[in-house]
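Colleague: Residues in the sequence shown are numbered consecutively from 1, following the UniProt record's numbering.
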Amino acid sequence: MAEHSRLRGPPDDRTPVELLTFGVVNLDKPPGPSSHQVSGWLRDSVDETLSAYGSEDTLEQAAHAGTLDPKVTGCLPLMLGDATRLAQVFLEGSKEYIAVLECHAPVPADVESVVSDFEGPIYQKPPRKSAVSRRLRVREIYDLEVLETDDRKVLLRIRCESGTYVRKLCHDLGLALGTGGHMGHLRRSATTPFDDTDLHNTSEFLDALTFWLEDDDETLLREVVDPAERILEDLPSVTIAESAAQEVANGAPVYEPGVLDVDDGIEQGSLVACYTPNGSAVCLGTFARSGDADHGIAVSLERVLV
Numbered sequence: 001m002a003e004h005s006r007l008r009g010p011p012d013d014r015t016p017v018e019l020l021t022f023g024v025v026n027l028d029k030p031p032g033p034s035s036h037q038v039s040g041w042l043r044d045s046v047d048e049t050l051s052a053y054g055s056e057d058t059l060e061q062a063a064h065a066g067t068l069d070p071k072v073t074g075c076l077p078l079m080l081g082d083a084t085r086l087a088q089v090f091l092e093g094s095k096e097y098i099a100v101l102e103c104h105a106p107v108p109a110d111v112e113s114v115v116s117d118f119e120g121p122i123y124q125k126p127p128r129k130s131a132v133s134r135r136l137r138v139r140e141i142y143d144l145e146v147l148e149t150d151d152r153k154v155l156l157r158i159r160c161e162s163g164t165y166v167r168k169l170c171h172d173l174g175l176a177l178g179t180g181g182h183m184g185h186l187r188r189s190a191t192t193p194f195d196d197t198d199l200h201n202t203s204e205f206l207d208a209l210t211f212w213l214e215d216d217d218e219t220l221l222r223e224v225v226d227p228a229e230r231i232l233e234d235l236p237s238v239t240i241a242e243s244a245a246q247e248v249a250n251g252a253p254v255y256e257p258g259v260l261d262v263d264d265g266i267e268q269g270s271l272v273a274c275y276t277p278n279g280s281a282v283c284l285g286t287f288a289r290s291g292d293a294d295h296g297i298a299v300s301l302e303r304v305l306v
């Protein structure tokens, strides 16, 4: 029974405590604080709320998906509790930004043509202040669109690979335009699978905690905090039996006999999410099946979520 109790119930049936310890908030980061500061403040607020509620659960961890500089605003998914184990998923998806390119001279007439040349693979070296090694690397620009121009400003929509430095991209665009340039305002409008259609600001999140704690009203909390499974929406899925999920909870890989269903077209070596039949996430793993196997390992573990 102890092993079975480690498995979660269906995502839509979670209690507020369960949401706050395995949930995600599509946060609209404000200008000013760093991403790390925002996640730390909200982590402490949740932990204090759980303590005041009388829960034995605590929130020791919260993590944000993709650092935004202090002045930058927008989509910053905040993973709560065990949902922090899903951080690697955000490295798989794309990012979208709305940026202002500040040119150092009037915007040339051929701006759209010049900008379009930057779609595709580009070389970038991380800036000196970055936390990663400053090695030349390739990043993919999936789509680069000029939305508007005004004298010395160009409003851009940028959809790109995770890890792209938009500030460096703006600098290079300025050189290509012949005017020189730098990044002005920047807002992240999407980080797959989240976008700016259902963002929640810090005040809404704190209000949701207060209403639940003081008024026993869960409505806003359930609007603001999603089950952590939302992070996995774009990953291929494998459904496994509860007995197999219990083995995963003890560190075993997913063996073929425990597999109930597999999404079509998953390639060997792909990152997949494994679920119990009730839709509860069990683990992240690497798809190991080769052909229509009926024995051996189906999924090698990356992160256990139960």
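Idealized CB from N, CA, C, for every residue including glycine.
Predicted, not measured: the structure shown is a model, and the values here were computed from it.
On the DSSP bridge list, what partners appear for Ser51?
Modeller: Numbered from 1 along the sequence shown, position 51 holds the residue referred to as residue 51. Its beta-bridge partners do not exist; DSSP assigns none.
Colleague: Only counting the same chain, and skipping five residues up and downstream in sequence, which positions put a Cβ closer than 6 angstroms to that of Phe211?
Modeller: Here the question's residue 211 lines up with position 211 in the sequence shown. Once the five neighbours on either side are set aside, the close Cβ partners of Phe211 are Asp217 and Leu220.
Colleague: Let's see if you can read the secondary structure: which residues bound the beta strand (DSSP E) around Leu232?
Modeller: Counted from its first residue, the sequence shown places residue 232 at position 232. No beta strand (DSSP E) holds Leu232; DSSP gives it neither H nor E.
Colleague: Could you check which residue in Arg43, Val25 and Phe118 has the C-alpha nearest to that of His200?
Modeller: Residue 200 sits at position 200 when you count from the first residue of the sequence shown. It is Val25 whose Cα lies nearest to the Cα of His200.
Colleague: May I ask whether a heavy atom of the ligand PLP can be found less than 8 angstroms away from the beta carbon of Pro257?
Modeller: Absent from the structure shown: the ligand PLP. Ligands present: none.
Colleague: Leaving out five residues on either side along the sequence, give the residues of the same chain with a beta carbon under 8 angstroms from the beta carbon of Tyr142.
Modeller: In the sequence shown, counting from the first residue as 1, residue 142 sits at position 142. These residues qualify, in order along the chain: Ser94, Glu119, Arg159, Cys160 and Glu161.
Colleague: Only counting runs of 3 or more residues, tell me where the beta strand (DSSP E) segments fall wholly within the stretch 98-139, in order along the chain.
Modeller: 120-124
Colleague: Measuring only the C-alpha atoms, how far is Gly206 from Trp41?
Modeller: Within the sequence shown, residue 206 is the residue found at index 206, counting from 1. Within the sequence shown, residue 41 is the residue found at index 41, counting from 1. For the record, residue 206 in the displayed sequence is Leu; it is not Gly. The alpha-carbon atoms of Leu206 and Trp41 are separated by roughly 10 angstroms.
Colleague: How long is the line joining the alpha carbons of Leu232 and Ala273, rounded to whole angstroms?
Modeller: Taking the first residue of the sequence shown as 1, we reach residue 232 at position 232. Taking the first residue of the sequence shown as 1, we reach residue 273 at position 273. Answer to the nearest angstrom: the Cα atoms are 7 angstroms apart.
Colleague: For Arg152 and Ala105, which I take to be in contact (beta-carbon distance under 8 angstroms), what is that distance rounded to the nearest angstrom?
Modeller: The residue given as residue 152 occupies position 152 in the sequence shown. The residue given as residue 105 occupies position 105 in the sequence shown. With 8 angstroms as the limit, Arg152 and Ala105 qualify as a contact, their Cβ atoms being about 7 angstroms apart.
Colleague: Gln88 and Leu284: beta carbons closer than 9 angstroms?
Modeller: For the purposes of this step, residue 88 is taken as residue 88 along the sequence shown, with counting starting at 1. For the purposes of this step, residue 284 is taken as residue 284 along the sequence shown, with counting starting at 1. Cβ atoms of Gln88 and Leu284: closer than 9 angstroms.
Colleague: Is residue 310 buried or exposed, if buried means 16 or more other CB atoms sit within 10 Å of its CB?
Modeller: Residue 310 falls outside the range modelled here, since the chain spans only 1 to 306, and no answer is possible.
Colleague: If we ignore side chains and look at the alpha-carbon of each, how far apart do Met79 and Ala109 end up?
Modeller: The residue given as residue 79 occupies position 79 in the sequence shown. The residue given as residue 109 occupies position 109 in the sequence shown. Met79 and Ala109: Cα-Cα distance of roughly 44 angstroms.
Colleague: With distances taken between CB atoms, is the gap from Thr191 to Leu76 smaller than 9 angstroms?
Modeller: To locate residue 191, count along the sequence shown from 1; it is residue 191. To locate residue 76, count along the sequence shown from 1; it is residue 76. Cβ distance < 9 angstroms, so Thr191 and Leu76 count as in contact.
Colleague: Out of Asp294, Ser290 and Val282, state which residue places its alpha-carbon closest to the alpha-carbon of Leu301.
Modeller: Indexing the sequence shown from 1 puts residue 301 at position 301. Taking only the C-alpha atoms, the option nearest Leu301 is Val282.
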